[in-house]
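Asker: Below is a structure I'd like to ask you about.
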DNA sequence: TAGATTGTTAATCGATTAACAATC
DNA sequence: TAGATTGTTAATCGATTAACAATC
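Chains as they are written, first to last, in full-length UniProt numbering: chain E, 1 to 222; chain F, 1 to 222.
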């Protein structure tokens, strides 16, 4: 990467970060067929505009070549670097229920750059079990704090029952966790300096249901 | 519900629909402790503003009482009605892999108002299997079209490999499906009149990773 | 009636888009 | 050089917020 990726002083909107992940998804596909892409073609695949694409990408540096477009492989490298997935990021998984065990046995859903290094559950039946897919033995929740500190873990996937979500999240933060992927349908409240991203399939089904029924409505934005 | 819920002529932004699902998540929790809530308290729980809350809710009718606030139970009823989850919505599930079987055996993730009525897979090993959790026998993908038409299904969860996602989605639309919850990390392209909502855990992990590393950056919006 | 809080309009803010000079 | 397409500025558009009259 010759050009520097720099955004330390910039304001970044959460919308743009979401779009960066979408560019990457598309570029992985495009890379199978093309070496180059220009802002318009990428915009069409994004259901967006060429101006938006150029603006987004230029936030982090000058990665295109005037008259030529963008090099797909280089752009992938750059976006992966921006998102910090050009190296392995360690995660712990808390909650080894249906959702948790699906993630462990199906590591493809985590995508590039992430690795579950330990699994915790409070259920005595599950503690000591060897996980399917990874060579990990499920540990008890009481060992969580020690593990996080010892191995300097800073990110966790929260896949417990929603009733426990808030309490467990708080506990994780106390142990030093800085980012939580919340897979429960509970809105957890944590200090501003902790990153929380939620994935709620039931909420997404609700959105889908709304738009399926009202697709005729003037859908603004996006 | 005395007041009419009406939004046939209104422009609705996708952002607002997302917020509606978030209000609902919060109200389910609030309903355990309170009968009433005002726009400011709801806003605080949303990390939003009272004006935003009132504006959002007033889009669909007048549901509050001046000087009093909103009735929690009534608001839940209204939002459920807006999202169309005050009745059961039938879904078929396509793809009975790790993700698909997790959804079937763990129906709580679907939330209120949704029901998987049939499961399809192309894998001969899986066809004929009785699903864990539901009393459903996995059908072959070749029976999909007939089933959709016969039972008038209009919504599907797509949980196949991302390599097949586009082709299967197209096929579903051809059979009459109007809404797809896309659980693959592939951006499917379909006609404008088909509702598609995607849930991509790997993309969300990327966002989380970004914000965890750059939480100091001036995060705008949201 | 006084106090509280909604619903809504107008003002502000931020994000997207159009346009074009820069340059490969 | 001519053509293509970026990076960026200024204009537009849409979404959020402030303010307040309405009203319980």
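Glycine residues also receive a C-beta, built at the ideal position from the N, C-alpha and C atoms.
1) I'd like the list of long-range same chain contacts for residue 161(E), defined as Cβ closer than 8 Å, with 5 residues on each side in sequence excluded.
2) Check whether chain E comes within 8 Å of residue 210(F), counting only Cβ atoms and requiring the distance to be less than that.
3) Less than 8 Å separating the beta-carbons of residue 168(E) and residue 181(E)?
4) In this structure, does DSSP put residue 183(F) in helix, strand or coil?
5) Check for me: the beta strand (DSSP E) holding residue 145(E) runs from which residue to which?
6) Output the boundary residues of the alpha helix (DSSP H) element that contains residue 24(E).
7) Starting from residue 85(F) and walking both ways along the beta strand (DSSP E), at which residues does that stretch end?
8) Around the Cβ of residue 224(E), are there at least 16 other Cβ atoms within 10 angstroms (buried) or fewer (exposed)?
9) With the cut-off set at 8 Å, would you say residue 45(E) and residue 69(E) are in Cβ contact?
10) Using the beta-carbon of each residue, which ones in chain E are nearer than 9 Å to residue 154(F)?
11) Have a look at the DSSP bridge pairing and note the partners of residue 119(F).
12) Can you tell me whether DSSP reads residue 128(E) as helix, strand or coil?
13) By DSSP's criteria, residue 63(E) is part of a beta bridge. Which residues make up the other side?
14) Report the partner residues of residue 71(E) according to the DSSP bridge assignment.
15) Compute the Euclidean distance between the alpha carbons of residue 51(E) and residue 127(F), then round it to the nearest angstrom.
16) Starting from the C-beta of residue 108(E), find all residues in its chain whose C-beta is less than 6 Å away, skip the five residues before and the five after it, and write them out in chain order.
17) Compute the minimum distance between the beta carbon of residue 189(E) and the heavy atoms of the ligand SAH, and state whether it is under 7 Å.
18) Using a Cβ-Cβ cutoff of less than 6 Å, which residues in the same chain neighbour residue 92(F) once the five nearest sequence positions on both sides are dropped?
19) Got a sec: is the Cβ-Cβ distance from residue 25(E) to anything in chain F below 8 Å?
20) Mind pulling the chain F residues with CB within less than 9 Å of residue 74(E)?
21) Take the Cβ of residue 193(F) as the centre, count every other Cβ of all protein chains shown within 10 Å, and call the residue buried at 16 or more, exposed below.
22) Is the CB-CB distance between residue 215(F) and residue 43(E) below 8 Å?
23) Could you check where the alpha helix (DSSP H) with residue 196(E) kicks off and where it finishes?
24) From what residue to what residue does the alpha helix (DSSP H) around residue 158(E) run?
25) Could you give the first and the last residue of the continuous alpha helix (DSSP H) run that contains residue 98(F)?
26) Give me the DSSP bridge partner(s) of residue 114(E).
27) Would you list the residues sitting across from residue 137(F) in a DSSP beta bridge?
28) Return the CA-CA distance between residue 232(F) and residue 26(E), expressed in angstroms with no decimal places.
29) For residue 207(E), which of 54(F), 111(F), 29(F) and 123(F) has the nearest alpha-carbon?
30) According to the neighbour-count rule (16 or more other Cβ atoms, all chains shown, within 10 Å of its Cβ), is residue 151(E) buried or exposed?
31) Report yes or no: do the region 10 to 24 of chain F and the region 74 to 81 of chain F share at least 3 C-beta pairs separated by less than 8 Å?
32) Mind listing the chain E neighbours of residue 110(F)? Cutoff is C-beta to C-beta under 9 Å, in chain order.
33) Straight-line CA distance for residue 87(E) to residue 113(E)?
34) Do you know how far the Cα of residue 32(F) is from the Cα of residue 172(F)?
35) Could you tell me the distance, in whole angstroms, from the CA atom of residue 257(E) to the CA atom of residue 120(F)?
Answerer: In short, the structure shows the following:
1) Apart from the 5 residues on each side of it in sequence, residue 161(E) sits with its Cβ closer than 8 Å to the Cβ of 95, 97 and 184 in its chain, given in chain order.
2) At a cut-off of 8 Å between beta-carbon atoms, residue 210(F) makes contact with chain E.
3) A distance of 8 Å or more separates the beta carbons of residue 168(E) and residue 181(E).
4) Of the three classes helix, strand and coil, the one that applies to residue 183(F) here is coil, per DSSP.
5) Note, residue 145(E): premise wrong, no beta strand (DSSP E); alpha helix (DSSP H) at 144 to 151.
6) Under the DSSP assignment, residue 24(E) falls in the alpha helix (DSSP H) whose first and last residues are 14 to 30.
7) Where residue 85(F) is concerned, there is no enclosing beta strand (DSSP E), given that its DSSP letter is neither H nor E.
8) Any property of residue 224(E) remains undetermined from this structure, which presents chain E solely from 1 to 222.
9) One thing to note: residue 45(E) has its Cβ no nearer than 8 Å to the Cβ of residue 69(E).
10) Going along chain E in sequence order, the residues near residue 154(F) (Cβ under 9 Å) are 212.
11) Answer is 93(F).
12) Three-state result, residue 128(E): coil.
13) Bridge partners of residue 63(E): none, in fact.
14) For residue 71(E), DSSP records a beta bridge to 36(E).
15) Just so you know, the alpha carbons of residue 51(E) and residue 127(F) end up roughly 48 Å apart.
16) So no residue of the chain qualifies.
17) Ligands displayed in this structure: none; no statement on the ligand SAH is therefore possible.
18) Excluding positions up to five away in sequence, the list reads 118, 153 and 156.
19) True, the Cβ-Cβ gap to chain F drops below 8 Å.
20) Residue 74(E) does not reach chain F, its nearest Cβ partner there being about 18 Å away, counting only Cβ pairs nearer than 9 Å.
21) It counts as exposed.
22) For residue 215(F) and residue 43(E), no; Cβs fall outside 8 Å.
23) No alpha helix (DSSP H) holds residue 196(E); the beta strand (DSSP E) holding it covers 195 to 198.
24) Judged by DSSP secondary structure, residue 158(E) falls outside any alpha helix (DSSP H) and instead within the beta strand (DSSP E) spanning 155 to 158.
25) Residue 98(F) -> alpha helix (DSSP H) spans 98 to 105.
26) Residue 114(E) pairs with 89(E).
27) Under DSSP, residue 137(F) takes part in a beta bridge, and its partners are 130(F).
28) The structure shown does not extend to residue 232(F), since chain F is modelled only from 1 to 222, so the question has no answer here.
29) In terms of Cα proximity to residue 207(E), the closest of 54(F), 111(F), 29(F) and 123(F) is 111(F).
30) Its Cβ having fewer than 16 others within 10 Å, residue 151(E) is exposed.
31) Cβ pair count under 8 Å is three or more, so yes.
32) Within 9 Å Cβ-Cβ: 201, 202 and 205.
33) About 6 Å.
34) Each residue's Cα considered, the two are about 40 Å apart.
35) Here chain E covers residues 1 to 222 and nothing more, so residue 257(E) does not appear.
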